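Here's the structure we're looking at; comments come further down.
Numbering (this note's numbering), first residue to last: -17 to 275.
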């Protein structure tokens, strides 16, 4: 059903339009960040100086998109200082909000328990730009520690790493989430060796795939190439796909590119899903299962 409401402007979002489709109740943005450098300074090594993107700003985006659930993902600007992410989680409340943090094995069992009670539901490893432990043995140990809590582990990594780490990913004792469609390069797309690996992992229910950040690996107008990749992967197993905005789009800010239109990217999910019933599954049912809403 088409949406004819008049839209409004949201920070870090081009265009004022609402999504074209009616968004189902309980729809979840499974990947966004909160930046608040006034209250929570960035790590000294981070010199990108991402502008503030606070909870109040994000709530405007929720109003615009029609999403009611969300997962705050710890950004690399804060490395392993999760203070900003946890403060945002507390402010938004764990009824409809979860968080994914970055830690190493110095974390105590008591700290893990406290974060779990707050609504933390997973860990993230940025294997492209750092911000946390990257050695596989450390990741494995952390996976063993958080598996009893029902947490997942998300990976932000290049497509070549997806290929080389296939068996490692299969052997992890917790749910595994791959960010941004596995970063299949724009010039190769589904012809990259990572595509059959991702497809196999999806078919075997070994990973969850985030249909996020269309602009990150795209080289075509309207993100036609990354939409095609998302459509192909979603067709393999839509029961293991989730969606998110990646707001406030830190990669776009870092590249000095124009901000994307979040409403249009949400519309693009329906194209990748193929029909509204599958889109509802990706927006509502799958996140509820993975993140325990």
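Heads up, the beta-carbon is just placed ideally off N, CA and C, and yes, glycines get one too. As the structure is a prediction and not an experimental result, all values here were calculated from the model.
Quick one: what does DSSP say residue i is sitting in, helix, strand or coil?
i, result
"residue 264", "helix"
"residue 156", "coil"
"residue -15", "The pLDDT assigned to residue -15 is 46, lower than 50, so where the model puts this residue is not dependable, and the model offers no usable value."
"residue 166", "coil"
"residue 259", "helix"
"residue 243", "coil"
"residue 17", "strand"
"residue 146", "helix"
"residue 11", "strand"
"residue 172", "helix"
"residue 211", "helix"
"residue 65", "helix"
"residue 135", "strand"
Any beta carbon of chain C sitting closer than 8 angstroms to that of residue i?
i, result
"residue 25", "In the structure shown, chain C cannot be found, because there is only a single protein chain."
Considering residue i, what are the terminal residues of the beta strand (DSSP E) in which it resides?
i, result
"residue 54", "51 to 55"
"residue 104", "102 to 108"
"residue 193", "190 to 193"
"residue 5", "From DSSP, residue 5 is part of no beta strand (DSSP E); its letter is neither H nor E."
At what residues does the alpha helix (DSSP H) containing residue i begin and finish?
i, result
"residue 39", "37 to 47"
"residue 81", "No alpha helix (DSSP H) contains residue 81, which is instead part of the beta strand (DSSP E) from 79 to 83."
"residue 177", "176 to 185"
Are the beta-carbon atoms belonging to residue i and residue j less than 8 angstroms from one another?
i, j, result
"residue 180", "residue 164", "yes"
"residue 133", "residue 103", "yes"
"residue 270", "residue 261", "no"
"residue 176", "residue 214", "no"
"residue 253", "residue 198", "no"
"residue 240", "residue 15", "no"
"residue 128", "residue 46", "no"
"residue 80", "residue 53", "yes"
(message) Using 8 angstroms as the cut-off, can you tell me whether the stretch -8 to 11 makes contact with the stretch 224 to 238, which would need three or more C-beta pairs spanning the two stretches below that distance?
(response) yes
(message) If contact is defined by three or more beta carbon pairs under 8 angstroms, each pair taking one atom from either stretch, is the stretch -10 to 6 in contact with the stretch 244 to 253?
(response) yes
(message) Under 8 angstroms, with one C-beta from each stretch per pair, do the stretch 200 to 209 and the stretch 14 to 33 reach the 3-pair mark?
(response) no
(message) Taking contact to mean 3 or more Cβ pairs, one atom from each stretch, closer than 8 angstroms, check whether the stretch 184 to 193 and the stretch 150 to 157 are in contact.
(response) yes
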